[in-house]
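Okay, structure first, notes after.
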Amino acid sequence: MDSGGSNSGPGAPPPPGGSWLPTTGSAAELRQVVAERLQGAGDATHESVLTACVELVANALDHAGGVTGFRIHHDRDTHTVRVEVDDRSAELPRPVIGRLDRLRGRGLAMISSVGRWGADRSGRGKTVWASIGCSCSRPTCPSAA
17 MDSGGSNSGP
27 GAPPPPGGSW
37 LPTTGSAAEL
47 RQVVAERLQG
57 AGDATHESVL
67 TACVELVANA
77 LDHAGGVTGF
87 RIHHDRDTHT
97 VRVEVDDRSA
107 ELPRPVIGRL
117 DRLRGRGLAM
127 ISSVGRWGAD
137 RSGRGKTVWA
147 SIGCSCSRPT
157 CPSAA
């Protein structure tokens, strides 16, 4: 997985493995980037990755001082999609048991329902990631570029 990548600038589409910072913070913008990166990966993969992206970005905005980097990588060899969101807080996320009658507190559980997640501290904050299996029916996954 290429997690290096450089920031391609606000609003510009990310290069493969590169960073993308949302300019408006809109869900529509995030959906567009996911759709472009996962063409041909299958509807189930698209929806699962979108769920993870939305929850990771929302958590960074709500709990960690904002998004400082975003990467999405579609690995055709392992048939997985990895999403990484960098933020400003070194505090690692802790899953909580969210009550069904609440609007908040279920993000990490939602990510767990579609894949795996984890977090790694970095120089000025952390990277929270999600790894989701690809549901494409082809012998190899389509390119994410």
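17 is the number of the first residue of the sequence shown in our numbering; add one for each residue after it. For every residue, glycine included, the Cβ atom is placed at its ideal position computed from N, Cα and C.
| For H79, does the count of other Cβ atoms within 10 angstroms reach 16, so buried, or fall short, so exposed? | exposed
| Residue burial classification, A51 (beta-carbon count within 10 angstroms, cutoff 16) | exposed
| task | Starting from the C-beta of L108, find all residues in its chain whose C-beta is less than 6 Å away, skip the five residues before and the five after it, and write them out in chain order. | result | A135
| Start and end of the beta strand (DSSP E) containing S129? | Taken as a continuous stretch (DSSP letters only), S129 belongs to no beta strand (DSSP E), being part of the alpha helix (DSSP H) at 123–130.
| Is it buried or exposed for V99, if we count other Cβ within 10 angstroms and need 16 for buried? | buried
| query | Smallest Cα separation from E71: which of S138, R137, W133, R140? | reply | W133
| request: Measure how close the beta-carbons of T61 and I148 come, nearest whole angstrom, since I'm counting them as under 8 Å. | output: 7 Å
| task | Quick one: using the 10 Å Cβ neighbour count with 16 as the cut-off for buried, is R53 buried or exposed? | result | buried
| request: Could you tell me the boundaries of the beta strand (DSSP E) in which T84 lies? | output: 83–91
| field | Pair within 8 Å by beta-carbon distance, G131 and S64 | value | yes
| Expressed to the nearest angstrom, what Euclidean distance is found between the alpha-carbon atoms of G25 and E45? | Residue confidence is low: G25 scores 38 on pLDDT, short of 50, so the model does not pin down where it sits. Its coordinate-derived value is still stated next. C-alpha separation (whole angstroms): 14 Å.
| DSSP bridge partner residues for V112 (one or two, in chain order) | Per DSSP, none; premise fails for V112.
| request: Over the uninterrupted beta strand (DSSP E) stretch that includes A146, give me the two end residues. | output: 141–149
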